[in-house]
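Below is one structure, written out as structure tokens; comments come after it.
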Amino acid sequence: MTATLPRLTQVRPGIALGPLERITDGTARNYVLQAGEARFHGFVVRRGQTVHGYVDACPHAGLPLCQTLDDYLTPDAGLIRCQWHGALFDIQNGVCVGGPCPGASLTPWPVAVRNGQIFTA
104 MTATLPRLTQ VRPGIALGPL ERITDGTARN YVLQAGEARF HGFVVRRGQT VHGYVDACPH
164 AGLPLCQTLD DYLTPDAGLI RCQWHGALFD IQNGVCVGGP CPGASLTPWP VAVRNGQIFT
224 A
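To convert, note that position 3 of the sequence shown is 106 in the working numbering; the numbers rise steadily by one, no gaps.
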């Protein structure tokens with residue numbers, strides 16, 4: 104039996120996540136960061152040269168948002184969606200705009216682009 108590592112809801116600033124070009128414009132990418140005996144699960148959505156980061160946990164049930172790796176957005180890429188219960192979230196602020204958790208929000212994960220690289224902020 105394998106033990107599940109505790110999940111973190113934040114990580115320290117300044118961690119390099121890689122080049123912005125690794126995320127195609129209008130898509131999202133999952134990140135799992137190991138911190139000691141715990142892991143952080145988050146994702147980043149790219150809009151042009153801007154990125155928005157969130158902890159990968161739906162406020163409705165606490166589950167990761169997607170069942171398929173990096174599939175965080177609606178088919179038109181206009182909203183973040185939870186594949187489990189259909190909740191929809193605004194990309195810019197993480198507020199639930201449809202589904203079972205109206206008014207709730209995704210937990211922000213501060214990220215920033217510097218010199219073409221994405222970093223935790």
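Positions of the beta carbon are idealized from the N, C-alpha and C atoms, including for glycine. The model shown is predicted, which means the values in this text are computed figures rather than measured ones.
Query raised in the report: Where does Leu123 sit, in a helix, a strand or coil, going by DSSP?
Result: Assignment of Leu123 by DSSP, reduced to helix, strand and coil, places it in the helix class.
Requested in this report: Kindly indicate which residue of Arg115, Phe222, His155, Glu140 has the alpha-carbon position closest to the one of Thr130.
Outcome: Taking only the C-alpha atoms, the option nearest Thr130 is His155.
Query raised in the report: Considering Ala180, what are the terminal residues of the beta strand (DSSP E) in which it resides?
Result: Unbroken run through Ala180: none, as it is neither H nor E.
Report task. Kindly indicate which three-state DSSP category Asn196 falls into: helix, strand or coil? Result -> It is coil, neither helix nor strand.
Report task. Name the two residues that bound the continuous beta strand (DSSP E) containing Val154. Result -> That run of the beta strand (DSSP E) goes 153-158.
Report task. Rounded to whole angstroms, what's the CA-CA distance from Leu136 to Gln186? Just pull it up for me. Result -> C-alpha separation (whole angstroms): 22 Å.
Query raised in the report: Under three-state DSSP, which class holds His163?
Result: Residue state, collapsed to three classes: coil.
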